[in-house]
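Undergrad: According to the numbering used here, the sequence shown holds residues 4 to 178 in order. Right, I'll just put the structure down here and ask away after.
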Amino acid sequence: MEMKRWLLFFHLFCLLVKLQTSSSTTSCQQEKDRVLELPGLSVNVSFEHYSGYVTVNEESGRNLFYWFFEAVEDPSSKPLVIWLQGGPGCSSVGFGEAEEIGPFHINPDGKTLCLNPYSWNQGKHFSYSSLRFGHLSKPYHVLAENYIGRGQTYLQSIGKIFSILPSFKLKIPLS
4 MEMKRWLLFF HLFCLLVKLQ TSSSTTSCQQ EKDRVLELPG LSVNVSFEHY
54 SGYVTVNEES GRNLFYWFFE AVEDPSSKPL VIWLQGGPGC SSVGFGEAEE
104 IGPFHINPDG KTLCLNPYSW NQGKHFSYSS LRFGHLSKPY HVLAENYIGR
154 GQTYLQSIGK IFSILPSFKL KIPLS
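Structure follows, in structure tokens:
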């Protein structure tokens, strides 16, 4: 078990080094993924947010959905939180963002949105990712046969999100 943890830590460290040295320019995909309006939201927001899919397995065409929210307060100096929670009926996007800590909550009518005054993106950038592949209308696909495979899949998805959003790359001192 300890070896598996070290392998996962090593993969994470390699990803962080790669992200630290990547370009910080805005990508074309970033502009495509920028959310300009949301159905049911009647107010303007003071932060940028992006959503889209990242391919995590080219052969099978498996994609993970992400939704990234810029920090409201002084975004150029704020850290990033990658929020992953999951299990059937408990998605990072559908539950973490829409019911708990995200900037948008679903109103009781089920059709409109309101701003969450206690959203955690007030002081940090937040990235929420779906922990399943495909769309809700498609069958569930197993991520991998083991936790190391799942960890590698998520690390790969984080790297791909930051290739889309390079200006939000992790700012980690490598000393």
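Where a beta carbon is used, it is the ideal one built from N, C-alpha and C, also for glycine.
1. Can you tell which of PRO42, SER63 and PHE71 has its C-alpha closest to the C-alpha of SER95?
2. If you follow the beta strand (DSSP E) that THR58 is part of, which residue opens it and which one closes it?
3. Taking the alpha carbon of ASN124 as the point to measure from, which residue in SER160, VAL75, PHE165 and GLY64 has its own alpha carbon closest?
4. What separation, rounded to the nearest whole angstrom, lies between the Cα atoms of SER132 and ARG65?
5. For ALA147, does the three-state DSSP call read helix, strand or coil?
6. According to DSSP, simplified to helix, strand and coil, what is TYR121?
7. Specify, as a first and last residue, the run of the alpha helix (DSSP H) that GLU73 falls within.
8. Measure the alpha-carbon distance for TRP159 versus PHE171 and round it to whole angstroms.
9. Indicate whether PHE50 and GLU73 have their beta-carbon atoms separated by less than 9 Å.
10. Are the beta-carbon atoms of LEU3 and SER130 separated by less than 9 Å?
11. Anyone know if the C-beta pair for SER80 and TYR69 falls short of 9 Å?
12. Would you mind working out which of GLU34, TRP86 and LEU67 sits nearest LYS127, comparing C-alpha positions?
13. According to DSSP, is THR28 helix, strand or coil?
14. So what's SER45 in DSSP terms, helix, strand or just coil?
15. Mind checking GLU100: buried by the 16 CB within 10 Å criterion, or exposed?
16. Have a look at TYR114 and GLY43 and give me their C-alpha separation to the nearest angstrom.
17. Between the C-alpha atoms of THR156 and ASP36, what's the straight-line distance to the nearest angstrom?
TA: On the basis of the data shown:
1. PHE71
2. 52-60
3. VAL75
4. 14 Å
5. Unreliable positioning characterises ALA147 in this predicted model, as indicated by a pLDDT of 48, which lies under 50. A coordinate reading is not provided.
6. coil
7. From DSSP, GLU73 is part of no alpha helix (DSSP H); its letter is neither H nor E.
8. It is Gln, not Trp, that sits at residue 159 in the sequence shown. Taking the straight line from one Cα to the other gives about 16 Å.
9. yes
10. Beyond the ends of the chain as shown, which are 4 and 178, falls residue 3; an answer cannot be given.
11. no
12. TRP86
13. Any reading at THR28 must be qualified, since the residue scores a pLDDT of 45, below 50, and its modelled position is unreliable; the value itself is stated next. DSSP places THR28 in coil when its eight states are reduced to three.
14. coil
15. buried
16. Checking the displayed sequence, the identity of residue 114 turns out to be Lys instead of Tyr. Each residue's Cα considered, the two are about 6 Å apart.
17. 21 Å
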